[in-house]
Every structure is written in C-alpha cells, then in structure tokens.
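Taking it in order: structure first as structure tokens, then the write-up.
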Amino acid sequence: MKEKLLPIQIQLLDRLNRTKEPISSQFLANSLGVSSKTIRKNLSQLNLALSDQGAVITSKTGSGYWLIVEDRERFEQFMQNASARPAQHILNPIQVDRAHFIIRTLLCRQDYTRIEELEDLLFMNLTSVKQILNRAREILKLFDLKIVSKSRHGMKISGREHDIRLCLNYEYGNYSTTSLKLAQPEEYGRLYRFDPQVQQRIELIIRSLQEMFISYNLSVSSLASLSRLILISAVRSQNGHPLDYPESTIIRFTNRNSYYVAKLVLNQCAELLQCSFIREDIILLAIGFVGFRIALSPDEMFRDGFLESKDIAFDLVQHLAQTNQFSSINKDIKLVDDIALHLDGLFTRSRYHLRTTQFASEVQVESSLMSRKMAMQAMVYLHEKYEIEISAEEITRLALVIHPVFGRFPWKFKKIRACCVSNIDKSVGRGLAERLMRNFGRFIEQIDVLELYELKDADLSVYEMLFTSYNPEELTFLPKSLTVFQLDLFFDESTKRKIRSLFVNGNHQSNFKIRSDLRPQHIFTGMDVSSEDACLEMIGESLESVLLDSPQALKEDLQTCEEIMASQPRDNVVILSGLHSHTANVTLSVFVLKRPIPWNHSLLKAQIIVYWDRGQVAKDAERFENEYVPHLLETVFHDRLVIDELVKNPDYEHLMDVILEYHFAVLTLGSSFR
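Taking UniProt numbering, the leading residue of the sequence shown gets 1, the next gets one more, and so forth.
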C-alpha cells in the first residue's frame with residue numbers, strides 16, 4: 001500500500017466497515033470531535049486510497065456514507081496493513097472496552113473460543129476483531145498472561161492461576177464502567193456475582209482484623225479490591241482451579257504477620273461464603289495485604305527488611321539529586337523515610353502483578369510536573385537496578401509520595417535594611433515598625449525608627465526602603481534609589497499584599513531569569529506536523545543549536561518518557577521534558593502547531609507543545625528544586641485564554657507580560673506554589 005492513511009482516516013474506515021447502515025457526516029464528526037467539513041475532506045481522500053483496494057465509499061444526500069466491499073480478500077489485506085502501523089493506530093474508548101471484554105470472556109471460559117464467536121459477540125468483522133485482540137494481548141502482558149491458539153479449536157488464555165485471579169480482579173474496574181451494549185449479560189457478571197452486601201461484610205471483617213496492626217492502613221479502593229479477590233478465589237477454588245506457589249514464595253510470606261491476618265480473615269470468610277480455602281489462598285491474600293497497605297507509623301521502622309528498604313531509598317534519593325543537580329534533597333530525611341515505607345508495597349505489586357484501575361477510573365490525580373518527572377526517573381532506576389517493572393500506575397503512586405514532601409524549599413529572599421518615619425511621633429513609628437517586622441520579617445533584616453529631621457541628616461545609602469506616613473511633598477530631598485512606601489498606622493490585607501509584592505519584585509529582578517530561559521527564538525509558530533512522532537522529531541531539530549547532543553538523542557529520550565507514561569493533553573496543550581538534560585542552560589520552548597494532532601494514540605489532541613530542560617548549571621537548580629519553573633509553566637500554559645491568544649496571535653512580549661504577571665502573583669501570595 002503506497003498511500004499512508006491518517007489516523008482519522010483509519011478511524012473513519014473502521015466505523016464504516018463495522019456499520020451496515022449509512023452514517024451522516026455530522027454523526028461521524030460528533031463521534032471524532034472534529035467538524036463535518038473535516039470529515040468530508042478525509043472521506044474524499046480515503047476514497048482515493050481505496051480505489052484499487054477492493055472497496056469504495058458511496059454517499060446519498062439525506063442518508064449519509066457507507067462502505068461497499070467489492071473484493072473482500074484484497075480489502076482485508078488492506079485493512080491488515082493499515083492496522084499494523086502502531087504509530088498510525090488510534091484506539092478510542094469503545095475499542096479499549098472491546099479489548100477488555102475479550103479478556104473477560106476468555107478468562108471465564110475453560111474451553112477454547114473460536115474467533116467467529118467473538119465476531120458475533122462484538123458484531124465486528126474478522127479484521128477488526130484481530131485488531132482488538134492485539135490490544136488485549138498488550139493488556140495481558142501486564143499479568144504475564146498470553147492468548148494461545150490451537151488449530152480448529154480456537155484460543156484461550158494461558159498462564160499461572162495467581163495471575164489469572166489478579167487479572168479477573170483487575171477487570172472488575174473495566175467491567176463496572178464499560179460502555180458496551182451487549183445482547184445478553186456478560187459471562188463475567190454471571191460467573192462472579194459481586195453481591196454488594198456480601199462484599200461489605202468481607203470488608204468489615206478485613207477492617208476489624210487489620211485494626212490489630214495499627215501501623216498499617218488500607219484505602220477504600222484497596223479494601224474493595226481485596227474483598228473482590230476473596231470472592232474470585234472462592235469461585236475459582238470451587239471450579240477446580242487451585243493456586244500453586246514456588247517454595248521461595250511460600251517461605252517468604254508464611255513467616256509474615258500479614259499471613260496470619262489473611263488466615264484469620266479467610267477463616268471468617270469461609271463460613272460466610274460456605275467454602276474452604278487452602279494455604280495458597282491465604283498467601284495470595286497476604287500478598288494483597290503487603291502490596292496495598294500503607295505504612296503510617298514509625299513503628300514500621302522496626303519491621304524486618306525496613307533497613308534494607310531505607311538503604312534502597314537513600315540510594316534512590318541520591319540518584320535523583322545527582323541526576324537533577326539538586327542540593328537540599330541530600331538532607332531530606334523525610335523524603336527518604338517516605339519512599340522507604342512505600343518500597344515494600346511497590347516491590348510486591350511489581351513482582352506479583354498487583355494491578356488496579358484506581359487511577360484510571362477515579363478523578364484524575366494531580367501531581368506536579370517535577371514530581372512526575374522524578375517518579376519516572378526513580379522507576380527507571382529501580383527497573384535497571386532491581387528489575388522492577390515500570391508502569392504508569394506505579395509512577396503515579398510514587399509521584400504522590402514525592403509530591404507532598406518534595407518542592408517545599410521556598411525562595412531564599414535577600415533581606416533588606418529599611419527605615420520608618422511617622423508623621424506623629426517616634427512611639428507611633430515604633431509601633432508601625434513592629435507591625436512591619438511581624439508581617440514581613442522574612443524580607444527585612446533591620447528596620448530603624450527615625451524622626452523626619454533625623455532622616456534628613458542620615459546616610460540613606462544604607463537603606464533600601466522607607467515606610468512613612470508623610471506626604472510625598474515633604475520628602476523631595478530623598479534620593480531616587482530609595483524605594484518609598486506611604487502607609488497609615490493601620491493597614492489592611494490589600495496593603496499587605498501591595499507591600500509583599502514590592503518586596504518580591506525588588507528581591508527577584510536579578511534571580512528570576514524567565515527572559516533568558518524563554519527567548520523569542522524559542523517560540524516556534526506555524527509548525528506543520530501530522531503525528532506525535534513527527535512532533536518529537538521536530539522539537540529536536542528546532543533546538544539543535546542549543547543541544548549538547550544530537551536531535552535524535554532528545555527525540556529518543558522524549559519517546560522513552562512517552563512510552564513509560566504517556567502525556568495527557570489538557571486543553572490541547574502538552575508539556576514535555578526528558579529523563580535527562582540535553583542543554584547547557586535552562587531552556588523553555590513553545591511550539592505552536594498549524595493544527596491539532598492526535599496524541600497518545602487516543603482521541604485527545606495537542607496543538608501547543610511546551611518543552612522544558614533544567615540545563616546543567618548547578619546554581620539554576622533552585623528554580624526546579626522548589627518546583628517553581630514547572631509550576632509556572634503549568635499555571636500559564638493551562639490557562640485557556642493564554643492558549644487561545646497564543647494560537648491566534650503568537651506575540652512574545654505579550655506572552656512574557658502574562659508570565660511575569662503570574663510570576664509576581666504566585667510569589668506575592670506566598671512561598672507555597674501549591
């Protein structure tokens with residue numbers, strides 16, 4: 001096939017191929033989030049590509065478009081080639097639901113399933129089912145499971161019983177939120193009846209017994225997951241699917257407190273569910289306890305293995321410090337302890353394939369750009385040194401551990417000397433000075449109280465700011481280098497904010513380097529790219545003059561980050577940074593594309609790409625160590641008004657004015673950037 005299809009054209013072809021009735025251009029436009037004009041244009045181009053591929057798209061006014069296949073074999077080969085290009089393939093939510101449906105169906109069947117049965121269940125043709133099966137195989141890899149086929153029999157899922165049970169548990173999150181419309185209830189729901197009342201009783205049993213171990217805690221989602229795991233284990237055991245563990249796993253968990261808690265829980269659940277559990281069922285639940293629990297108490301530090309976790313955490317924090325050239329992080333014992341308490345669960349979840357849909361089904365978890373970047377760096381380090389699997393879920397969890405602790409080092413303000421002169425008397429001036437020190441002591445080293453005649457004779461070069469209640473007409477003798485602020489004895493919150501803004505502006509004119517970080521030549525407009533891969537390549541080529549290595553190295557680093565944890569566009573904006581630094585100095589770049597492009601193989605699109613690099617100058621680390629620059633980027637470039645203006649009329653000076661306005665507002669409101 002010489003003609004390459006655009007992602008939107010692949011989606012259009014897929015929809016037309018699956019539907020036997022005519023579809024209007026407006027319906028297609030609504031489902032893909034584009035205009036009907038775009039649909040008509042792409043259908044016209046698609047028809048040209050299909051001209052010698054055994055199919056044609058026809059239309060009728062008032063009815064819509066439909067696909068006529070004239071040569072089924074040639075068309076099937078064309079579809080296979082089109083769907084074989086992962087960079088061009090886009091999975092919408094419905095396709096993802098179908099992949100999970102296939103997984104649940106195969107997991108619930110003991111016998112082989114023919115692909116024709118899946119075609120009938122999904123109302124899809126052979127090519128489309130094969131495409132969905134490829135996605136299902138990717139999901140099953142998370143659990144070390146695979147789909148095996150047998151000639152004239154069909155296919156089934158093969159793997160350890162431990163992984164099958166965990167995959168069944170994971171699939172509940174997708175089953176409960178599926179948007180698929182089926183002719184009959186799913187086998188998954190018929191086989192595994194998750195009775196809410198029974199599940200609540202199991203959760204109550206777990207909660208009552210875990211209170212015996214107060215240093216542990218289970219979240220609501222973890223409790224629900226463990227209760228479902230018990231119900232799944234009961235059904236699987238009754239249907240003749242026992243667990244089997246190697247001796248090393250048996251020894252590892254039968255000597256832990258979690259094993260005895262799991263045993264007590266299953267003893268009570270056996271009576272409730274009218275079934276029996278074996279030792280291996282207890283081990284599976286113990287693995288769940290260790291993987292999902294949260295250590296809350298310092299008593300956890302006396303647990304066997306904690307010192308080993310702390311050594312790993314310290315090495316990890318040192319690695320993050322060296323990679324990002326941070327200084328304060330070396331002294332951050334709180335961060336080391338928090339990561340150490342988190343590692344046992346992380347290692348257990350990774351080794352035993354404990355997955356959840358918690359972060360996919362709940363409200364989008366917010367964490368800072370810097371925390372996410374550090375979490376990715378940490379997971380890569382653990383993967384290389386300890387063979388820990390890298391997953392987006394674990395990166396999110398680790399970012400949430402890092403986020404509350406890291407980034408709390410505020411700007412270090414240079415304190416100034418000031419003087420205060422009251423138009424009443426010195427005692428009133430002294431009261432005024434005390435109020436100023438109480439509210440702004442972090443900015444003021446010393447404040448002298450003077451009378452007006454003393455002010456005229458004083459060496460004013462030692463002062464940087466004067467607070468006074470005198471009228472400006474009486475202060476004409478003051479040098480222009482001295483900043484004067486008129487205020488009354490009693491000042492309100494509005495006045496406090498003005499004073500704080502004055503301190504911030506004066507202290508940070510020399511330290512805040514946004515104009516050198518984001519230069520006019522680093523704002524690229526009208527960039528013509530059609531895919532995510534081409535966009536990453538364009539970033540490397542555009543920044544070639546400031547790169548320490550090749551554009552290809554930057555592209556590969558960004559691709560690695562996207563593979564580890566894909567960026568999620570927000571209001572058509574994506575903010576990117578690599579695992580490593582590629583420029584000598586801090587570099588901020590903005591790329592405005594001619595048109596939105598698909599991102600992360602989904603229906604989400606991006607039109608503005610922001611790339612940031614902290615450089616390799618140690619003294620610049622402070623602006624990233626306190627998360628300030630990443631925070632500022634998020635604040636500015638996730639403002640819809642800013643983005644609309646940037647797309648319509650990209651103007652460097654206007655953008656800088658907006659950034660500086662945000663900069664002063666953030667610092668004026670306080671040292672916390674969250």
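Virtual Cβ for every residue (Gly too), placed ideally from N, Cα, C.
- Between Thr587 and Tyr611, the CB-CB gap stays under 9 angstroms.
- When the Cα atoms are used, Arg435 and Ile424 turn out to be separated by approximately 16 angstroms.
- Residue pairing of Cys561 in beta bridges, as defined by DSSP: absent, with no partner found.
- Between Phe503 and Phe591, the beta carbon gap of about 36 angstroms keeps them out of contact (Cβ cut-off 8 angstroms).
- DSSP places Ser44 within a helical segment (H, G or I) once states are collapsed to three.
- Residues of the same chain with a CB within less than 7 angstroms of the CB of Gln446, apart from the 5 flanking positions on each side, are Arg417 in chain order.
- Under DSSP, Pro598 forms a beta bridge with Lys605.
- Distance between Asp549 and Asp613, taken at the CA atoms: about 13 angstroms.
- Non-local C-beta neighbours of Tyr662 in its own chain, meaning closer than 7 angstroms and more than five positions away in sequence, comprise Leu632, Thr635 and Val636, ordered along the chain.
- Burial check for Met376: the Cβ neighbour count within 10 Å reaches 16 or more, so the residue is buried.
- Apart from sequence neighbours up to five positions away, the residues of its chain that approach Asn572 with a beta-carbon distance below 8 angstroms are Pro596, Lys605, Ala606, Gln607, Ile608 and Ile643, ordered along the chain.
- Under the DSSP assignment, Val56 falls in the beta strand (DSSP E) whose first and last residues are Ala55 to Lys60.
- Tyr65: member of the beta strand (DSSP E) spanning Gly64 to Val69, first to last residue.
- For Lys648, the enclosing alpha helix (DSSP H) covers residues Arg640 to Lys648.
- Taking 9 angstroms as the cut-off, the beta carbon of Leu209 is found closer than this to the beta carbon of Val265.
- For Tyr381, the CB contacts under 7 angstroms within the same chain, skipping 5 residues up- and downstream, are Leu316 and His319 in chain order.
- By the criterion of at least three beta-carbon pairs nearer than 8 angstroms, the segment 271-290 is in contact with the segment 249-259.
- CA-CA distance, Ile139 to Glu653, rounds to 47 angstroms.
- Counting only the Cα atoms, Leu191 lies some 13 angstroms from Tyr175.
- In terms of Cβ geometry, Leu455 and Lys426 do not form a close pair [threshold 9 angstroms].
- By the Cβ neighbour-count rule, Tyr453 is exposed, with fewer than 16 other Cβ atoms within 10 Å of its own.
- The three-state reading of DSSP puts Arg417 in strand, counting E and B together.
- For the set Ser542, Gln568 and Leu118, the Cα lying nearest the Cα of Ile523 is the one of Ser542.
- Asp195 counts as exposed, since fewer than 16 other beta carbons sit within 10 angstroms of its beta carbon.
- Spatial neighbours of Ala340 in its own chain (CB-CB distance under 6 angstroms, excluding positions within 5 residues in sequence) are listed in chain order as Ser309, Lys310 and Ala313.
- For the 9 angstroms CB-CB criterion, Met379 and Ile564 form a contact.
- For Leu133, the enclosing alpha helix (DSSP H) begins and ends at Leu126 to Lys141.
- With a cutoff of 9 angstroms on beta-carbon distance, Gln199 and Arg236 are scored as not near each other.
- For Val573, the enclosing beta strand (DSSP E) covers residues Val573 to Leu576.
- Non-local beta-carbon contacts of Ser350 in its own chain, meaning distances under 6 angstroms to residues more than five positions away in sequence, involve Ile388 and Glu389 in chain order.
- With three or more CB-CB distances shorter than 8 angstroms, the segment 15-25 counts as touching the segment 124-144.
- Where Gln268 is concerned, the enclosing alpha helix (DSSP H) starts and stops at Asn257 to Leu273.
- Rounded to whole angstroms, the separation of the alpha carbons of Val574 and Asp557 is 16 angstroms.
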